Amino acid sequence: MANSMTGYGRHQGLYHGRDITVEIKAVNHRYFDFSCRVPRAYGFLEERLKKLVQKSVSRGKVDVYVAIAQVEGPDVSVSLNDALLRSYLQALHRMSEDYGVRDDISVSVLAQNSELFQIVRQDEDAEALWADVELAARCALDAFLAMRAAEGERLTQDLLSRTDTILQTLPVIEQASLRTCEIYRENLTALLKELLGELPLDEARLITEVALYADRINITEEVVRLRSHIAELEKLLRSSAPSGRKMDFLLQEMNREINTIGSKSQIKDISMLVVENKAELEKIREQVQNLE
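Throughout the sequence shown, residue numbering follows the numbering used here, covering 48 to 339 in sequence.
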């Protein structure tokens, strides 16, 4: 079945001390349009996530959000600035000796001087981090694709029912078209007899006129092509391969055939069926915009 372009998937999990959340959502778009939000320090993940998603998604505006929080094991280290600390202690001891200030130096007092400490962020192992994010992203992607498939199946069933509705009208249109020729012959015969009165009717000329009229209103080719287009559309709908653009083209061709049938057949019965088919075709066209 064809896949919908809209979908949403989310996964949150703990990976090697990191709480990783990945959300993927998509809406309709003519092409593949990807955007990603990741923590500033992990910008290198964006391109990798794009390649991962693009393997499974060919159309749609896809937004990916990634949050990473360290919950186990520090990702920073704190060290002393030993040279500065020695100078700091020497200055404090001298202050106590030279000026008679009570020497009450303690760790808590020294800790208030942030310049004595160096906070160093440990280098991330980019490949290890990507391995964890990829696992979370694949879980979110699976949920996202499952939602797209479910929505695609629902849309496909609706579209197949609409193409079947159009197909059911075609035999009726064909029979009505044949009756049109009979009605034209009867009306033309009656008119000629009224005009000619007692004069003989030229049967050969009458047959020629009816044949010309029948040729002008003949819709066999249009009906054959319309059936062929519907069969191809149903084939694409039942396929899992992305085919939204092909469907757009087929719908244009189907619309052209239906318009031609309507222009050739002016009787009320056919005109009403043409209007109904065009309405169904418009609903199909709107729904196809949601398919990949």
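Heads up, the beta-carbon is just placed ideally off N, CA and C, and yes, glycines get one too.
This structure is a prediction, so every number in the text was calculated from the model and none was measured.
With respect to the C-alpha of Leu214, the residue from Asp151, Gly291 and Leu280 having the closest C-alpha is Leu280. Under DSSP, Val180 shares a beta bridge with no residue. For secondary structure counted as the beta strand (DSSP E) over 3 or more consecutive residues, the stretch 50 to 120 holds these complete runs in sequence order: 54 to 62, 65 to 74, 79 to 84 and 107 to 117.
Scanning Glu329, Ala49 and Ile317 for the CA closest to the CA of Gln222 turns up Ile317. In this structure, Ile308 places its C-beta atom within 8 Å of the C-beta atom of Ile266. Here Ser126 carries a strand assignment [DSSP, helix/strand/coil]. By the Cβ rule, the stretch 98 to 112 does not count as touching the stretch 138 to 158, because fewer than three pairs are nearer than 8 Å. For the pair Asp211 and Gln334, the CB atoms are not nearer than the 8 Å cut-off. A Cβ-Cβ contact shorter than 8 Å links Val219 with Leu320. Annotation: Val85 to Ile71 spans about 12 Å, alpha carbon to alpha carbon. The DSSP assignment places 267 to 285 as complete runs of the alpha helix (DSSP H) inside the stretch 265 to 297, in order along the chain (cut-off: 4 residues). By the criterion of a C-beta distance shorter than 8 Å, Leu202 is surrounded in its chain by Ala49, Ser51, Gln334, Asn337 and Leu338, once the five residues flanking it on both sides are discounted. With contacts defined by Cβ atoms closer than 8 Å, Thr68 and Ala114 form a contacting pair.
Judged by their CB atoms, Glu162 and Leu131 are nearer to each other than the 8 Å cut-off.
For the pair Leu157 and Val125, the Cα-to-Cα distance works out to about 15 Å. Within its own chain, the residues whose Cβ lies closer than 8 Å to the Cβ of Ser312, once the five positions on either side in sequence are excluded, are Ile220, Ala223, Ser224, Thr227, Ile264, Ile266, Ser318 and Val321, listed in chain order. The residue from Ala288, Arg274 and Ala116 with its alpha-carbon nearest to that of Thr216 is Arg274.
Per DSSP, the continuous alpha helix (DSSP H) segment holding Ser155 begins and ends at Val154 to Leu157. Looking at the DSSP output, Leu338 shares a beta bridge with Ser51. Counting every other CB atom within 10 Å of its CB across the protein chains shown gives Ala193 a total below 16, marking it as exposed. Looking from the CA of Ile305, the closest CA among Arg285, Gly291, Asp129 and Glu329 belongs to Glu329. At the C-beta level, Arg209 and Glu327 come within 8 Å of one another. In this structure, the alpha-carbon of Trp177 lies about 18 Å from that of Ser82.
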